[in-house]
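Before any comments, here is the structure.
There are 2 protein chains.
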Amino acid sequence: MLPGIGVFGTGDIVRALVPFLRAKGFRVEAVWGRTLEAAENVATELNIPFHTNKVDDVLLRKDVDLVFIICQPDLHAQIAVKALGIGKHVLCDRPAGLCQLEVLKMVHAAQYYPSLISVISHGLRFLPAFMQMKRHLEAGYVGAVNVCDVRVHCGSMIGSQFDWMCSHLMGGGILTMVGSHIIDAVSFVTGQRATRVHGMMRTFTKSTEKINGIRWIDSDDFCSFQMILDGGACVTATLNSHVAGGFVQEVVVCGSCGRLAVRGASLYGQTHTDEREQLLHDGSADDLTHLANRNDNSSARVNSLLPQPYLQGLFRLVGALKEAFATGDGEHGWLKEPVSSAATFEDGQYVQAVIDAVKLSSASRQWEQVTVASDENELNPLMTRLNLPNINMSSLDALSQAPTNRPQPAPTQRKTTATSESHLPWSFATKH
Amino acid sequence: MLPGIGVFGTGDIVRALVPFLRAKGFRVEAVWGRTLEAAENVATELNIPFHTNKVDDVLLRKDVDLVFIICQPDLHAQIAVKALGIGKHVLCDRPAGLCQLEVLKMVHAAQYYPSLISVISHGLRFLPAFMQMKRHLEAGYVGAVNVCDVRVHCGSMIGSQFDWMCSHLMGGGILTMVGSHIIDAVSFVTGQRATRVHGMMRTFTKSTEKINGIRWIDSDDFCSFQMILDGGACVTATLNSHVAGGFVQEVVVCGSCGRLAVRGASLYGQTHTDEREQLLHDGSADDLTHLANRNDNSSARVNSLLPQPYLQGLFRLVGALKEAFATGDGEHGWLKEPVSSAATFEDGQYVQAVIDAVKLSSASRQWEQVTVASDENELNPLMTRLNLPNINMSSLDALSQAPTNRPQPAPTQRKTTATSESHLPWSFATKH
Chain A
428 MLPGIGVFGT GDIVRALVPF LRAKGFRVEA VWGRTLEAAE NVATELNIPF
478 HTNKVDDVLL RKDVDLVFII CQPDLHAQIA VKALGIGKHV LCDRPAGLCQ
528 LEVLKMVHAA QYYPSLISVI SHGLRFLPAF MQMKRHLEAG YVGAVNVCDV
578 RVHCGSMIGS QFDWMCSHLM GGGILTMVGS HIIDAVSFVT GQRATRVHGM
628 MRTFTKSTEK INGIRWIDSD DFCSFQMILD GGACVTATLN SHVAGGFVQE
678 VVVCGSCGRL AVRGASLYGQ THTDEREQLL HDGSADDLTH LANRNDNSSA
728 RVNSLLPQPY LQGLFRLVGA LKEAFATGDG EHGWLKEPVS SAATFEDGQY
778 VQAVIDAVKL SSASRQWEQV TVASDENELN PLMTRLNLPN INMSSLDALS
828 QAPTNRPQPA PTQRKTTATS ESHLPWSFAT KH
Chain B
428 MLPGIGVFGT GDIVRALVPF LRAKGFRVEA VWGRTLEAAE NVATELNIPF
478 HTNKVDDVLL RKDVDLVFII CQPDLHAQIA VKALGIGKHV LCDRPAGLCQ
528 LEVLKMVHAA QYYPSLISVI SHGLRFLPAF MQMKRHLEAG YVGAVNVCDV
578 RVHCGSMIGS QFDWMCSHLM GGGILTMVGS HIIDAVSFVT GQRATRVHGM
628 MRTFTKSTEK INGIRWIDSD DFCSFQMILD GGACVTATLN SHVAGGFVQE
678 VVVCGSCGRL AVRGASLYGQ THTDEREQLL HDGSADDLTH LANRNDNSSA
728 RVNSLLPQPY LQGLFRLVGA LKEAFATGDG EHGWLKEPVS SAATFEDGQY
778 VQAVIDAVKL SSASRQWEQV TVASDENELN PLMTRLNLPN INMSSLDALS
828 QAPTNRPQPA PTQRKTTATS ESHLPWSFAT KH
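Residue numbers (the numbering used here), protein chains in the order written: chain A, 428 to 859; chain B, 428 to 859.
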């Protein structure tokens with residue numbers, strides 16, 4: 428039997444998702460909102476039987492077995508850890524948390540309850556174009572992967588009111604919202620993970636017509652980052668929310684004997700023996716949104732916040748979840764296989780580690796090592812502090828001016844510090 | 428009267444250019460080749476009356492008043508300086524030289540003979556799409572410029588034989604061949620210059636079927652670089668020669684109230700009040716190559732080395748040169764106005780300073796300051812040494828490992844060193 432669902436969040440994604448969940452046969456039993464009013468509005472609109480502004484009131488309900496955490500990122504970790512502790516399956520929206528330390532707590536909770544499903548909403552893994560790209564790469568279509576070139580162009584992600592999307596301390600910004608999907612997708616299709624990153628983040632639009640009071644926008648609206656993968660490939664990604672007029676995403680993977688490119692939801696490829704580019708998968712037929720939208724208005728609203736490929740991917744992830752539960756064996760009530768390619772909390776931690784390192788690099792203006800910690804004590808204090816609300820940007824200023832003040836880790840425990848990184852030999856740059 | 432022309436170089440660009448020069452009414456009087464055989468072949472093929480492998484034999488000819496330097500970059504500076512000294516006008520191909528020190532000598536020669544024309548072949552300035560982009564930016568079409576996002580995808584630039592394109596010490600590589608045009612075009616359209624840069628360069632293809640003997644390819648076939656412009660805008664550029672199947676170039680400039688994009692030879696734009704993107708200039712009608720190509724073969728060959736937009740731009744620059752001479756006043760024999768927007772040797776020096784800093788950044792893995800020197804003593808020794816043949820990469824290794832060994836410049840004389848750069852305050856990152 429499909430589990431009852433509790434939803435955390437009242438945003439536009441929730442409004443698009445709930446009808447889709449029902450179309451797939453799930454029961455949506457409860458909704459949580461930051462305010463009782465917001466929860467009530469969504470409950471009324473979507474006809475959800477129970478609403479509340481208390482986290483426990485959803486988690487403790489017996490008819491809720493699976494929770495969707497689609498609220499502001501600063502609440503993800505605490506809700507996810509608590510949900511797993513109470514024995515609920517969890518789907519958590521990206522970014523997994525505010526910093527790697529938070530996500531590590533989620534990872535530990537997931538490891539403690541292995542019989543529960545715990546996945547991050549990196550839905551690009553379930554888009555046919557990316558699945559086929561991965562298969563082609565594994566089959567050697569491009570040979571050894573050299574270069575990944577990613578470009579995302581979209582309009583402003585800032586709404587009409589000040590909310591967490593405006594604040595980098597609360598997890599907003601194009602790096603966390605879009606870059607997280609890209610970081611995960613690159614590692615998914617190539618099977619390689621970033622070891623070193625470089626980033627340049629900017630907030631060009633600090634105020635809008637509606638947001639110009641005491642609070643200003645400080646989340647990044649532009650981010651360019653580079654990654655060196657452990658297999659030697661170079662990744663360069665440009666995330667630009669200053670391009671109004673539609674969402675454009677292109678992921679190009681080049682290798683020694685060809686290339687693959689996902690544009691939108693379609694896959695293209697060309698090997699060195701091909702005369703011209705081939706269409707390997709036509710994504711125009713993959714659209715599932717008709718199952719979710721009861722009217723055209725909701726579609727337009729959702730597109731601004733969650734572009735088509737990500738929404739499509741999320742819907743397909745939900746489809747995989749349904750399959751996992753519908754075909755489950757007797758012991759756990761669910762089957763692992765359908766969601767085996769979903770992003771785990773460990774994957775979410777890796778993505779968060781890269782995000783933290785890119786943010787740190789943008790501040791330190793150096794290449795930074797990506798350190799995926801297995802213990803909370805392993806984490807570089809600066810990386811964890813980057814996102815904490817009690818640190819403002821002027822403290823980072825001081826930190827990057829005086830790098831010798833930063834705690835020097837024991838060489839065996841942590842791989843390197845940001846300051847030593849820049850003195851690594853040239854051989855690194857020519858090795859690959 | 429149009430001046431007689433002496434051409435330095437025997438490559439495919441020369442084969443495309445000479446017919447175009449004649450179509451414009453120029454007389455091509457002499458050709459120089461690295462070997463007498465190469466010079467003779469081109470002279471016979473193109474019906475050029477005089478050929479030689481001695482530089483002076485072209486420069487000292489009385490019927491040669493204008494020289495086109497389209498040979499390997501390590502010879503540009505010496506030929507250009509000598510030509511100006513003998514009183515000849517000079518058009519020099521990109522990159523202007525091997526390093527800023529060389530180009531500075533060219534600048535000094537050009538300053539010493541101000542009545543002579545001295546231009547670099549940055550022809551994108553003469554493409555209608557870029558000219559209109561500049562005009563629109565000056566008219567405030569996008570508001571304050573925030574982000575420039577540049578992407579160039581092309582096939583391998585390596586030919587069937589080992590030549591200077593395979594060697595970064597001789598000026599080869601995608602940064603010098605393509606990046607130089609991009610650096611110049613961005614500064615041309617925005618009116619801003621880079622103050623700091625970051626770069627990641629790689630050579631993934633070190634050998635080919637034909638080039639796999641004693642000599643290996645070490646010029647960059649992939650380069651991602653970022654620039655901070657003096658007006659506060661961020662530039663990110665990806666140059667990728669691993670994408671076979673045609674040349675793709677897109678230059679997007681985003682601002683506070685819109686954006687402009689040159690794709691190929693066409694200009695597109697969208698302001699925040701537009702519902703959709705507008706075609707502002709259709710570049711498909713700008714093609715001049717029919718004037719140059721006597722058969723289809725030469726067109727195909729040229730396209731691999733000098734893609735359409737660059738060739739188109741070069742042809743238009745030649746058109747401007749013709750106008751300058753044809754309508755010249757009595758005193759100098761030429762009129763400044765038609766070539767007033769061409770890239771001067773000073774512009775070439777700026778481009779070279781950025782290239783040097785990007786190369787240095789790729790080695791040091793830090794942001795590097797762009798220093799345009801007016802005196803040879805001002806130049807950072809490492810920057811000048813980066814390209815000199817007697818320094819190999821292992822020496823750079825030692826340099827980047829031991830930055831304290833690098834000479835510390837007086838603060839007033841040079842702006843900053845690479846090592847101090849990385850400790851500049853965070854305020855830089857948030858200022859813009």
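Beta carbons: idealized from backbone N, C-alpha and C, even for Gly.
What residue range does the beta strand (DSSP E) around residue i cover?
i      : result
B/L707 : Q705 to H708
A/T622 : A621 to R629
A/R642 : That residue, A/R642, is in no beta strand (DSSP E); it is neither H nor E in DSSP.
A/S693 : S693 to T698
A/Q676 : V675 to G682
B/F873 : Residue 873 of chain B lies beyond the range of chain B shown here (428 to 859); nothing can be said about it.
A/N667 : C661 to N667
Applying the 10 Å Cβ sphere with the 16-neighbour rule, what's the burial state of residue i?
i      : result
A/G740 : buried
A/M428 : exposed
B/S801 : exposed
B/R623 : buried
B/S693 : buried
B/R703 : exposed
A/E472 : exposed
B/G682 : buried
A/A712 : exposed
Apart from the five residues just before and just after residue i, which ones in its own chain have a Cβ nearer than 6 Å to its Cβ?
i      : result
B/C498 : F435 and G436
A/I440 : I497 and L733
B/A784 : V624, E795 and V797
Can you list, in chain order, the residues of its chain whose CB lies under 7 Å from that of residue i, leaving out five sequence neighbours each side?
i      : result
B/A465 : T437
A/V508 : K532, M533 and A536
B/Q779 : P522, A523, G524, C526, Q527 and V530
B/V745 : F447, L448 and K451
B/V799 : Q776, Y777 and A780
A/S594 : D645 and S646
Hey, how far is the Cα of residue i from the Cα of residue j?
i      : j      : result
A/L551 : A/S607 : 11 Å
B/P541 : B/G512 : 11 Å
B/D647 : B/L528 : 21 Å
A/D701 : A/Y568 : 12 Å
B/M597 : A/S634 : 49 Å
A/F649 : A/M628 : 6 Å
A/N819 : B/Y539 : Its pLDDT being 38, under 50, A/N819 is placed unreliably by the model, and the measurement read from it follows with that caveat. Roughly 54 Å separates the two Cα atoms.
A/V616 : A/R562 : 8 Å
A/R792 : B/Q793 : 7 Å
A/N480 : A/T462 : 6 Å
A/L444 : A/D483 : 22 Å
A/L806 : A/L706 : 44 Å
B/V469 : B/G431 : 18 Å
A/Q735 : A/M604 : 14 Å
A/F752 : A/V494 : 14 Å
Within a Cβ cutoff of 8 Å, which residues of the same chain sit near residue i, ignoring the five residues on either side of it in sequence?
i      : result
A/G672 : G582
B/I609 : V577, V579, A664, L666 and V678
A/F631 : D648, F649 and H669
A/A612 : H549, L551, R552, F557 and V678
Span of the alpha helix (DSSP H) holding residue i?
i      : result
A/Y568 : Taken as a continuous stretch (DSSP letters only), A/Y568 belongs to no alpha helix (DSSP H), as it is neither H nor E.
B/S788 : F772 to S791
A/R743 : Q735 to A753
A/H516 : That residue, A/H516, is in no alpha helix (DSSP H); its beta strand (DSSP E) goes H516 to C519.
B/A612 : S607 to T617
For the ligand SAH, is there any heavy atom lying closer than 7 Å to the beta carbon of residue i?
i      : result
A/V689 : Only the bare structure without any ligand can be found here, which leaves the ligand SAH out of the picture.
Counting only Cβ pairs nearer than 9 Å, list the residues of chain C close to residue i.
i      : result
A/M597 : Structure shown: chain C not included; protein chains present are A and B.
Does the contact criterion of 3 or more C-beta pairs under 8 Å hold for the stretch 678-697 of chain A versus the stretch 589-598 of chain A? The stretch 678-697 of chain A vs the stretch 589-598 of chain A: no contact.
Okay, do the stretch 455-464 of chain B and the stretch 512-532 of chain B touch, 3+ Cβ pairs below 8 Å being the bar? As far as the Cβ criterion goes, the stretch 455-464 of chain B does not touch the stretch 512-532 of chain B, which means the pair count is below three.
Is the stretch 545-561 of chain B in contact with the stretch 764-771 of chain B, if contact means three or more CB pairs nearer than 8 Å? Under the Cβ criterion (8 Å, minimum of three pairs), the stretch 545-561 of chain B counts as touching the stretch 764-771 of chain B.
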